[in-house]
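Asker:
Chains as they are written, first to last, in the numbering used here: chain V, 11 to 201; chain X, 2 to 1006.
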């Protein structure tokens, strides 16, 4: 195997109103099953090492995290090179359960948008209320960026982490870069 | 002369002079000017020619209601047609050119039309151009297109960027005049999230010009204080230069923000489209002054009274030295008084009313020495490209001239119409207000939201409330009501500030001046300036039976120009009502539609232009393909290489080479785009048996099976190879375009019909790069890479195995869509390019070449393999394609089974798949029909089949095709005739669809 290559080879856009960078590769595992069952809670938290998320939230620490994707789906995040071991662990835990785990690390591109205007940049592309009172770090949304599906949450007050499909990595990078172009501050959200 | 005065101009920055051009002529203005005010300051009264008669036209208004002053703006990459001078901010270097003139604005050939106006009445186009029929297309339309039209279409790409912004609030307030600001203040004090949009660059609306005092403070200071305190509130968003463009269902509204229109080379987007979700919308959109209908009311120099006052107070511009004011209300007296205070002459106020006593404003005007003539009217305006005087007559009469007054401007006021557009966009009803002679919102019939409650509330002048004190009270009450409905509480005891009251005399509705104007005057009395509709036209429409206002509008084109009839609608309605002897409310209004004022198409497009016009899906090997001669083909949103061209080879030659090479040596296909869906669970086998027409539950672990998928109506929707991964898990390949829809199809059945089946699906299409290694040398190449046994015994045809190749972790499917020895190898997408590179190196001395989709098509067509989208088109069932072998008879049911038993589906006359080979070896045109004897009911030749796929096969050295033919499989050897598009006819013989390696030996080695 050679070094894994991400969709955008970690491209960055740094001279705008917010910084856009593709990060990764990151380990990502789709889990489907009964989210209330203890086998799911245990498997997810054992591997990710973070708290189990509430509905529409994401718990994360560094590269590790768990995102609530739907009433029967989670996205588990971990360092890229731990995915195989993690899958083995999960498959073991799921052996007697009706549940599914699939490696989707390479199926996605992951971006971070950061800076005081990060909320504005994302609010230009996603039909989501990103007012600081309404959307707070840890909340998780599956929505869209312009014409493609995307999921995102805020790692902290000024940093979004965005997940989209790998094949549209270039499109999303271009969108975010243009939305962050110099001179495009909106001046809302108390900035 | 219109000119700049030495003093005044509260919106100007006189320390910042700017230069601009109009029709190439250098002019000067100041920062803060609009293009219109700057043109007037440069005595450019004549700004355009009218649409139909090419009459000279000047600036009439000062806001978005302006009908005449439309210009072409900028050049090349900044060119924009139909820009309204009154809403265009002036900046240094602005280039403007007038529209609809030829050869020049001053001398216009089309103006001859005005002498023909008697022959160009309402409906002229409909009457004249009906016959002879053929003339429309070849004679009339081309000529009309030449002579009509406003702005030119841009030729260059727009250099600017545009964006959207998603806003959310409890209350969206449209309009930043005193009503909007007061409503915002009251609403904001409840803690609600408030957005206020003001279309101009300034807060306060008309109030600072019209004056007054609020709580003892001059109203302009009051506005400043309001804005300052609103700015300090975290829950309030104030946006200038942002027009509320439209109100839509579910509290959705569009705002059009113009960011850099006043700066030539500014960074950032030019316009921003606000897409707002509001729990409630308050329309504080003000009112628009109406023109009066008198002869010559379109001559440059005749302006709306309040607009003339705006130019004077806001921009220090006088429209003329001597201005006659003509009115039916008190408001226009403010203009006369302002002009007098500015040292300009007002020889006469012509007031159509007869009043028992003078109002305060009338007394004030008279005290300034202005002569006021009550009960009088303007019979006619004198002048051509400019007003030179007016003829005065009695309003009650027919227009006998009593007096002629020399003047160079006329300020007219026919009363005020509330801006009800946004109220009406979603169905808010109107009522006729007899006091102010206008339509205003019927607050008992608001536009209704999903909960059945109104979601728009008007405030201030937009609600038909005009006096400053009333406006403040109404705005506060509107906010109070809205906030209570939304569950917010205003602070106890919060009331509106109070303004000093001015008692105005009531206005009198005047729809024609003079009241009994004869036809000669009516023919010179304009209602719609932009579309050249006169009082006589509307009367003619009524006379010809167009009694519905919607019909009369379309017949006369009244209100159909780019100003959407902002000035003309009410006057036109009143004229129609008068001609029909009906009252105005019973005639009704036409429908208001968004946007309120034209917005740029680019703002609507937002980021959807250039490289982000639409998302393009790229495989992990996209860049390599691009660098290696790929000619791209869109497949769904993906881009796939159609062929890889070498040197200056033609596309056709490249395809032929790729086919031959793959058949003889080895080819690589990027198959990453194929859908890959994991289906897992105790009921997965049962589920797949329903999804596919054939059995999938009995597939053995380690094996692959080709499957067909039908919709519940029996039609083929997808196909692909299914692999059984383990006891509980299958992996389903779909077509490139089908991945998302089949994933959705599976989820839908699982969530709505078989919700109790234990099955989970996951779409892992993009997790893997997939490479098809195809051709006689394929195995040698993989053996060179090494790492796993790929021999026939270890990995037989239609089997799969996990392992490593050249150090890469792979899964190999031994499946073939080409008829050759073929391995489809899945690898993590992040390794896709590296693996592709390794294959190219390993295959170097084995004749490896990449191939594209067209080669893939030829390879599969030579083998008679169907392609979803070619052999199927949504009306084809598996039985049509001879795929009976894939329809399980062991199963009780599968999706489509029952549908396929319907009588039409079992009709033996359904066209069936066969091979077609031309008699002379040429290639059939794709999609061509085989003709049959006779004609159908429409006089067309009968048909008996059509080509579904057609290619030149380099392997066989001739054209091969597949097609659906009536009774095809029973007619082997028969020759059919296929007419081509160029008159040529093709003869093709019906044959077996498998042209190459009928026994399937090559793929099974």
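Backbone N, C-alpha and C define an ideal beta-carbon position, used for all residues, glycine too. As the structure is a computational prediction, the values presented were derived from the model and not from experiment.
#1: Could one say the Cβ of residue 157 of chain V lies closer than 9 angstroms to chain X's Cβ atoms, at least one of them?
#2: For the putative contact between residue 840 of chain X and residue 772 of chain X, defined by C-beta atoms under 8 angstroms, what is the C-beta separation to the nearest angstrom?
#3: Measure the alpha-carbon distance for residue 510 of chain X versus residue 416 of chain X and round it to whole angstroms.
#4: Rounded to whole angstroms, what's the CA-CA distance from residue 444 of chain X to residue 204 of chain X? Just pull it up for me.
#5: Along chain X, in chain order, which residues have C-beta atoms closer than 7 angstroms to that of residue 12 of chain V?
#6: Taking only three categories from DSSP, how would you classify residue 1 of chain X?
#7: Examine chain V for any beta-carbon lying closer than 9 angstroms to the beta-carbon of residue 829 of chain X, and answer yes or no.
#8: Are the region 708-721 of chain X and the region 784-799 of chain X touching, with three or more C-beta to C-beta distances below 8 angstroms?
#9: Can you check whether the CB of residue 206 of chain X is closer than 9 angstroms to the CB of residue 287 of chain X?
#10: In the DSSP assignment, the beta strand (DSSP E) including residue 727 of chain X goes from what residue to what residue?
#11: Would residue 42 of chain V count as contacting chain B if we go by Cβ distances under 9 angstroms?
#12: Look at the alpha carbon of residue 152 of chain X and the alpha carbon of residue 82 of chain X, and state the distance between them as a whole number of angstroms.
#13: Short of 7 angstroms Cβ to Cβ, which residues in the region 741-763 of chain X face chain V?
#14: If we cut at 9 angstroms on Cβ distances, does residue 176 of chain V have a partner in chain X?
#15: Short of 8 angstroms Cβ to Cβ, which residues in the region 98-113 of chain V face chain X?
#16: To which residues of the same chain is residue 1 of chain X closer than 6 angstroms at the C-beta, ignoring the five residues directly before and after it?
#17: Check the Cβ of residue 185 of chain V against every Cβ in chain X and list those closer than 7 angstroms, keeping chain order.
#18: Identify the residues that DSSP records as bridge partners of residue 165 of chain X: which are they?
#19: How many angstroms separate the CA atom of residue 36 of chain X from the CA atom of residue 3 of chain X?
#20: When the cut-off is 9 angstroms and only beta carbons count, does residue 48 of chain V lie next to chain X?
#21: Please state the DSSP three-state secondary structure of residue 315 of chain X.
#22: Which bits of chain V does residue 765 of chain X rub up against, with CB to CB less than 7 angstroms?
#23: By DSSP, does residue 674 of chain X sit in helix, in strand, or in coil?
#24: For residue 516 of chain X, collect the residues of the same chain with a Cβ closer than 7 angstroms to its Cβ; drop the 5 residues on either side in sequence, then sort them by chain order.
#25: Is the CB of residue 84 of chain V under 9 angstroms away from at least one CB in chain X?
#26: Are three or more beta carbon pairs between the region 168-178 of chain V and the region 189-201 of chain V nearer than 8 angstroms?
#27: For residue 73 of chain X, which three-state DSSP category applies?
#28: Let me see if you follow: with CB-CB separation under 9 angstroms, is residue 181 of chain V close to chain X or not?
#29: Starting from the beta carbon of residue 681 of chain X, find every residue of chain V whose beta carbon is closer than 8 angstroms, and list them in chain order.
#30: Kindly list, in the order they appear in chain V, the residues whose Cβ is closer than 7 angstroms to that of residue 785 of chain X.
#31: I'd like to check one pair, residue 719 of chain X with residue 742 of chain X: are the Cβ atoms closer than 9 angstroms?
#32: Using 8 angstroms for Cβ pairs, my map puts residue 86 of chain V next to residue 681 of chain X. What's the rounded Cβ distance?
#33: From the beta carbon of residue 616 of chain X, is the nearest beta carbon of chain V less than 9 angstroms away?
#34: Using a Cβ-Cβ cut-off of 6 angstroms (strictly less than) and excluding sequence neighbours within five positions of residue 707 of chain X, which residues of its own chain qualify?
#35: With residue 536 of chain X and residue 381 of chain X assumed to form a contact (beta carbons below 8 angstroms), what rounded beta-carbon distance in angstroms separates them?
#36: Considering only heavy atoms of the ligand SAM, does any lie closer than 8 angstroms to the CB of residue 749 of chain X?
Answerer: Taking the coordinates as given:
#1: Position 147 of the first chain, counted from the first residue, corresponds to residue 157 of chain V. With 9 angstroms as the cut-off, residue 157 of chain V counts as an interface residue toward chain X.
#2: Looking up residue 840 of chain X in the second chain gives position 839. Looking up residue 772 of chain X in the second chain gives position 771. Confirmed, about 6 angstroms.
#3: Stepping through the second chain from its first residue, residue 510 of chain X is reached at position 509. Stepping through the second chain from its first residue, residue 416 of chain X is reached at position 415. Looking at the two C-alpha atoms, the distance is approximately 8 angstroms.
#4: Counted from its first residue, the second chain places residue 444 of chain X at position 443. Counted from its first residue, the second chain places residue 204 of chain X at position 203. Distance between the alpha carbons of residue 444 of chain X and residue 204 of chain X: 26 angstroms.
#5: One-based indexing of the first chain puts residue 12 of chain V at position 2. Listed along chain X, the residues sitting closer than 7 angstroms to residue 12 of chain V by beta-carbon distance are 832 and 835.
#6: This structure cannot speak to residue 1 of chain X, because chain X is shown only from 2 to 1006.
#7: Translated into the one-based positions of the second chain, residue 829 of chain X becomes position 828. Yes - at least one Cβ of chain V is within 9 angstroms of the one on residue 829 of chain X.
#8: Result no; under three Cβ-Cβ pairs closer than 8 angstroms.
#9: Here residue 287 of chain X corresponds to residue number 286 of the second chain, with the count starting at 1. Here residue 206 of chain X corresponds to residue number 205 of the second chain, with the count starting at 1. Yes, Cβ-Cβ distance for residue 287 of chain X and residue 206 of chain X is below 9 angstroms.
#10: Numbered from 1 along the second chain, position 726 holds the residue referred to as residue 727 of chain X. From DSSP, the beta strand (DSSP E) with residue 727 of chain X extends over 717-727.
#11: In summary, chain B is missing from the structure at hand, where the protein chains are V and X.
#12: For this step, residue 152 of chain X is matched to residue 151 along the second chain. For this step, residue 82 of chain X is matched to residue 81 along the second chain. Looking at the two C-alpha atoms, the distance is approximately 5 angstroms.
#13: Residues are counted here when their Cβ sits less than 7 angstroms from a Cβ of chain V; for the region 741-763 of chain X these are 759, 761 and 763, given in chain order.
#14: Against the first chain, residue 176 of chain V aligns to sequence position 166. So, interface residue.
#15: Interface annotation for the region 98-113 of chain V against chain X: 108, 109, 110, 112 and 113, criterion Cβ-Cβ distance under 8 angstroms.
#16: Since the displayed chain X opens at 2 and closes at 1006, residue 1 of chain X lies outside it and no answer follows.
#17: By 1-based counting over the first chain, the position of residue 185 of chain V is 175. For residue 185 of chain V, the C-beta contacts it makes with chain X under 7 angstroms involve 608 and 613, in order along the chain.
#18: As a working note, residue 165 of chain X is residue 164 in the second chain. Answer by DSSP bridge pairing, in chain order: X/274.
#19: Stepping through the second chain from its first residue, residue 36 of chain X is reached at position 35. Stepping through the second chain from its first residue, residue 3 of chain X is reached at position 2. Those two C-alpha atoms are separated by around 14 angstroms.
#20: Taking the first chain and counting its residues from 1, the one referred to as residue 48 of chain V is at position 38. Chain X, which has no Cβ nearer than 9 angstroms to the Cβ of residue 48 of chain V, makes this no.
#21: Translated into positions along the second chain, residue 315 of chain X becomes position 314. Residue state, collapsed to three classes: helix.
#22: By one-based count along the second chain, residue 765 of chain X stands at place 764. Chain-ordered, the chain V residues with CB closer than 7 angstroms to the CB of residue 765 of chain X read 112, 114 and 117.
#23: Along the second chain, read from residue 1 onward, the residue named residue 674 of chain X stands at position 673. Here residue 674 of chain X sits in coil by DSSP.
#24: Here residue 516 of chain X refers to the residue found at position 515 when the second chain is read from its first residue. The beta carbon of residue 516 of chain X sits closer than 7 angstroms to the beta carbons of 396 and 397 from its chain, once the five residues preceding and following it are set aside; these are given in chain order.
#25: If you number the first chain from 1, residue 84 of chain V lands on position 74. Not one chain X Cβ lies under 9 angstroms of residue 84 of chain V.
#26: They do not touch, by the three-pair rule.
#27: Taking the second chain and counting its residues from 1, the one referred to as residue 73 of chain X is at position 72. Here residue 73 of chain X carries a strand assignment [DSSP, helix/strand/coil].
#28: In the first chain, counting from the first residue as 1, residue 181 of chain V sits at position 171. Yes, its Cβ sits closer than 9 angstroms to a Cβ of chain X.
#29: Counted from its first residue, the second chain places residue 681 of chain X at position 680. Listed along the chain, the chain V residues whose CB falls inside 8 angstroms of the CB of residue 681 of chain X are 110.
#30: For this step, residue 785 of chain X is matched to residue 784 along the second chain. Neighbours of residue 785 of chain X on chain V: none; closest Cβ ~18 angstroms, over 7 angstroms.
#31: Working through the second chain from its first residue, we reach residue 742 of chain X at position 741. Working through the second chain from its first residue, we reach residue 719 of chain X at position 718. In contact: residue 742 of chain X and residue 719 of chain X (Cβ atoms closer than 9 angstroms).
#32: Position 76 of the first chain, counted from the start, is the residue given in the question as residue 86 of chain V. Position 680 of the second chain, counted from the start, is the residue given in the question as residue 681 of chain X. Your pair residue 86 of chain V and residue 681 of chain X does not check out as a contact, with CB atoms roughly 17 angstroms apart and the cut at 8 angstroms.
#33: As a first step, residue 616 of chain X is located in the second chain; it is residue number 615 there, counting from the start. Judged by the 9 angstroms Cβ criterion, residue 616 of chain X is in contact with chain V.
#34: Here residue 707 of chain X refers to the residue found at position 706 when the second chain is read from its first residue. Closer than 6 angstroms at Cβ, skipping near neighbours: 722.
#35: Stepping through the second chain from its first residue, residue 536 of chain X is reached at position 535. Stepping through the second chain from its first residue, residue 381 of chain X is reached at position 380. Actually they are not in contact, since the Cβ atoms of residue 536 of chain X and residue 381 of chain X sit about 13 angstroms apart, beyond 8 angstroms.
#36: Within the structure as shown, the ligand SAM is missing, as the structure has no ligands at all.
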